[in-house]
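Contents: one structure, followed by commentary.
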Amino acid sequence: MLKSIYTNLKRKTVSKLLTRSATAVDGKGQTTTYTYDSVTGSLLTVQQPQVAGQTPTTTFTYNTRGQVLTITDPTGIVSKVNYHATLERIESTVADFGTGRLNLTSSFGYNSVGDITSVTDPRGNSCTVTYDVLRRQTQLTPLCQH
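Every letter in the sequence shown is one number past the one before it in our numbering, and letter 42, counting from 1, is 30.
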């Protein structure tokens, strides 16, 4: 990104890389662009190939620890991620977040070593996950569907 600074009626252009990007081209020649923060490397936006003259764009925001706080999809729906204050793991996600929105909340439970042991979806449906001593998943009850 270029930044112009005007001093004493002279323009000085300073090149300052605030973001960096990468592109991926699919088999049909359509390009998806990924924009990253140049300091943290965090993904900021994903711009997909145009549809009906519009460029679908997904944006991401982060907290000071580099964890995703919000994801805004191409239709403008915001999903918010809530973290445990000290353990830094996801406690819940809220899809369609905001005043007057649906606020569809999913929550997560963990065991003492940080493995997910339960997931509850916005409708209140829950599933549990059990592990063996090597922390391998052994059972999903009822079968968790994504």
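For each residue, glycine too, the CB sits at the ideal point set by N, CA and C.
When beta bridges are read from the DSSP output, F85 appears opposite no residue.
When DSSP states are grouped into helix, strand and coil, A40 belongs to the coil group. CA-CA distance, T87 to V66, rounds to 11 Å. In the three-state reduction of the DSSP assignment, D25 falls in the strand class, which pools E and B. The secondary-structure analysis by DSSP pairs T105 with nothing; it has no beta-bridge partner. Take the alpha-carbon of L57 and the one of G17: they are about 32 Å apart. Each of R89, Y119, T93 and D109 was checked against the Cα of G102, and the nearest Cα belongs to Y119. Beyond the five residues adjoining it in sequence on each side, K68 comes within less than 6 Å, by CB distance, of T58, V82 and F85 in the same chain, given in chain order. By the 16-neighbour rule on beta-carbons within 10 angstroms, L75 is exposed. The beta carbon of T20 lies closer than 6 Å to those of A12 and Q36 in the same chain, with the five residues before and after it left out. Restricting attention to F96, V121 and D25, the CA atom closest to the CA of N113 is found in F96. In the DSSP assignment, T74 falls outside any beta strand (DSSP E) and carries neither an H nor an E. Per DSSP, the beta-bridge partners of L128 are V117. Taking the CA atoms as reference points, L31 sits about 10 Å from G54.
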